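For my numbering, add 351 to where a residue sits in the sequence shown, where the first one is 1. For glycine and all other residues, C-beta sits at the position ideal for the given N, C-alpha and C. Quick caveat, the model's predicted, so the values are computed rather than measured. Data block below; observations after.
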Amino acid sequence: MTRPAAAKESSLTLERGLALLQAVADADTEALSISDLAATIGASRAAVYRLLVPLQARGLVRRDGSKVRLGLGVLRLAARALPQLRVAALPALRTLAEQVGATAHLTVADGPEAQAVAVVEPSWTAFHVAYRVGTRHPVRLGAAGRAIELPPGADPWVCTMGELQPGACGVAAPVRGVPGLRASVGVVAMQELDVDRVGPAVLTAATEVAQALH
Numbered sequence: 352m353t354r355p356a357a358a359k360e361s362s363l364t365l366e367r368g369l370a371l372l373q374a375v376a377d378a379d380t381e382a383l384s385i386s387d388l389a390a391t392i393g394a395s396r397a398a399v400y401r402l403l404v405p406l407q408a409r410g411l412v413r414r415d416g417s418k419v420r421l422g423l424g425v426l427r428l429a430a431r432a433l434p435q436l437r438v439a440a441l442p443a444l445r446t447l448a449e450q451v452g453a454t455a456h457l458t459v460a461d462g463p464e465a466q467a468v469a470v471v472e473p474s475w476t477a478f479h480v481a482y483r484v485g486t487r488h489p490v491r492l493g494a495a496g497r498a499i500e501l502p503p504g505a506d507p508w509v510c511t512m513g514e515l516q517p518g519a520c521g522v523a524a525p526v527r528g529v530p531g532l533r534a535s536v537g538v539v540a541m542q543e544l545d546v547d548r549v550g551p552a553v554l555t556a557a558t559e560v561a562q563a564l565h
């Protein structure tokens, strides 16, 4: 096999392996059989068996008879995703916090809940909100959660007042264009924010975070 042909074959194998892993993940609680997976990714049963070998070796999938489920190796990868997400978001959050004079945060959806995964407080304000990494609240409440759920074509940002904390004002915009990520960038303060000024700044920060993650 020539070098270009070998490279093409490796690329196709990788693509099929990723498609297989995605199919297993998309099955949710209902595990797929080897035959199901072969039909889903458009490969033979023999090819699926071959693709499963390296995925099993790394713990990304596990076999339960003829059924295939996600393995615990996926959890190890997921645990490393949040720190990298945090590092990528910090420059944009730091700029936003200093510009607006309010606590900036990156929030991601985790099922029906929203979780703050990165927080930056402004350095020059006399008072600001102390917002902890790991803080959770329902996605349907607060600017950060509501922004995650904003459909394409809707308002570019969300502003809420007192939904999570009496007197707290939040402005947030969704992070768009990153496959598999449901997230928002926002600010929170204990006084009403000038939405006409803060909204565009939050939207810019959300766009910068998306670009940093590509």
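- Return the CA-CA distance between alanine 432 and threonine 486, expressed in angstroms with no decimal places. 18 Å
- Hey, how far is the Cα of glutamine 466 from the Cα of glycine 537? 12 Å
- Query: Between alanine 326 and lysine 418, what straight-line distance do the alpha-carbon atoms span, to the nearest angstrom?
  - Reply: Outside the modelled stretch of the chain, which goes from 352 to 565, sits residue 326, for which no answer is possible.
- Query: In terms of residue numbering, what span does the beta strand (DSSP E) encompassing leucine 411 cover?
  - Reply: Leucine 411 -> no beta strand (DSSP E), and no H or E assigned at all.
- Considering glutamine 450, what are the terminal residues of the beta strand (DSSP E) in which it resides? Careful: glutamine 450 lies outside any beta strand (DSSP E), inside the alpha helix (DSSP H) at 424-451.
- Which two residues bound the contiguous alpha helix (DSSP H) that contains glycine 550? 546-563
- Message: How far does the beta strand (DSSP E) with alanine 469 in it extend, from its first residue to its last?
- Response: 464-471
- How many whole angstroms separate the CB atoms of alanine 439 and alanine 563, which I take to be in contact at a CB cut-off of 8 Å? 4 Å
- Mind checking glycine 531: buried by the 16 CB within 10 Å criterion, or exposed? exposed
- Item | Distance between tryptophan 508 and valine 553 (C-alpha atoms, nearest Å) | 8 Å
- Tell me the start and end of each unbroken alpha helix (DSSP H) in the region 485-549 that is at least 4 residues and wholly inside, in chain order. 493-499
- Message: Tell me the DSSP secondary structure of alanine 481 in three-state form.
- Response: coil
- Just checking, does the region 451-460 make contact with the region 539-559 on the three C-beta pairs under 8 Å criterion? yes
- Message: Within a Cβ cutoff of 6 Å, which residues of the same chain sit near arginine 548, ignoring the five residues on either side of it in sequence?
- Response: none
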